[in-house]
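Here the structure comes first, spelled out in structure tokens, and everything after it is commentary.
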Amino acid sequence: MAGITDKPFRRIIREFSPDIRMVTEMISCHSLVESHKNCLRNFDNYSDEGSIGAQIFGADAELMGTAAKILQDSGAKWIDINMGCPVPKVATRAGAGAYLMRDHRLAGYIMQSVVKSVQIPVSIKTRLGWDDANMDWRKLIDVAADCGVTFATLHGRTRSQLYVGPSRLPDVSDAPIPVIANGDIKSAADLVNAESLGYSGAMIGRAMLGRPWMFSEMTCGTTPKNIGKIVLQHLEYAIEYYGARAAIPMFRKHAAWYSSGMPHSSEFRIHVNQITNADELKSEISKFWGCVCDI
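The sequence shown begins at 8 in my numbering and counts up by one.
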């Protein structure tokens, strides 16, 4: 999730689930190869992040291969090719992401280029299809298997659905490579259901916003008691990574997600969205959750 699963957020998740497999933010192959200096994630080193895959998107097969090699050299444990992002600037204007569900030939060239460029596993993340009339996810996974892709993640919505409506996970028992379920995975029961449909695992995305402990909660039933301390630590990691000036406005969305559903959360979010000072933000977080700001 671009702009969300950055290094600070991944650090917080790791504190609850040290061995979980994670995927980076979606990274543009153009931005990475050209080393755009305004994009910090282009310079991340993953060697200390455990089992982590780097996700890239683009429509140029050669550039995608070059980007994959850069990420491998930066410590990524596998490369994930995004073939499911539905937003217009990616799926239509850039001819990448979900657009590749409409052009299996180009998708194949990209997968072949990436597989040949690295010595680590390659996966893809895709959707059911472009719309209900073109639900050809299985054909794309067959192409992936022929190209040497190790596994696929399938989001149970079409591109036209965006993120609206319930996820519809098809049976993948006869798929040629392992498939990971994605979309509306929120509980242990959802994991059991995915397994019954032939999935080899599950990927959690938006459901963990404001709940970086969700993995351990689902598998071990443990929920942290002092949420405020977690929010403060996450903020500290963000300031360390981005610097206070950039981190404060970027962190507002996380503060909103952490507070969602709590009493007076609406007033808290309105106030937080006006804060530009790190100490003031820490103070408001401490007051809202009733914790001591000692991070």
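Ideal Cβ placement from N, Cα and C applies to all residues, glycine included.
Item	Value
Ser58 beta carbon less than 8 Å from that of Arg17	no
With 16 other Cβ atoms within 10 Å as the buried cut-off, status of Ser194	exposed
Asn89 to Met257 span [Cα, whole Å]	24 Å
Nearest-angstrom beta carbon gap, Lys289 and Leu239 [assumed within contact, 8 Å]	6 Å
Anticipated Cβ contact below 8 Å, Arg166 with Arg134, distance rounded	6 Å
Beta-carbon proximity list for Ile302, same chain, < 6 Å, skipping 5 on both sides	Any answer about Ile302 is weak, because its pLDDT of 43 lies below 50 and its placement is not dependable; what the coordinates show is given next. The answer, listed in chain order, is Leu239, Gln240 and Glu243.
Element boundaries [beta strand (DSSP E), containing Leu161]	Phe158 to His162
Completely contained alpha helix (DSSP H) runs for the segment 185-263, where each covers 4 or more residues	195-203, 221-227 and 234-249
Opening and closing residue of the alpha helix (DSSP H) in which Lys96 lies	Pro95 to Ala98
Ser273: first and last residue of the uninterrupted alpha helix (DSSP H) it sits in	Ser272 to Val279
Own chain partners of Val299 with C-beta closer than 8 Å, once the 5 adjacent residues on each side are dropped	With a pLDDT of 48 at Val299, under the threshold of 50, the modelled position of that residue is not reliable, and the figure given next carries that caveat. So the qualifying residues of the chain are Ser293.
Helix, strand or coil at Asn284 according to DSSP, with G and I counted as helix	coil
Stretch pair the segment 68-81 + the segment 117-132: three plus CB contacts closer than 8 Å	yes
Own chain residues within Cβ distance below 7 Å of Ile282, not counting five before or after	Ile255, Leu288 and Glu291
Where Ser120 falls: helix, strand or coil (DSSP)	helix
Beta-carbon proximity of Ile63 to Ile86, cut-off 8 Å	yes
Sub-8 Å separation of Ile148 and Pro173 beta-carbons	no
Inter-residue Cα distance where the pair is Leu176 and Arg109	20 Å
Bridge partner(s) assigned by DSSP for Thr133	Met90 and Leu161
Cα-Cα separation, Leu39 to Met33	11 Å
Simplified DSSP assignment, three categories, for Cys300	Caution applies to Cys300, whose pLDDT of 48 falls short of 50 and renders its modelled position unreliable; the value that the coordinates give is listed next. Coil.
Contact the segment 96-114 vs the segment 137-153: 3+ CB pairs below 8 Å	yes
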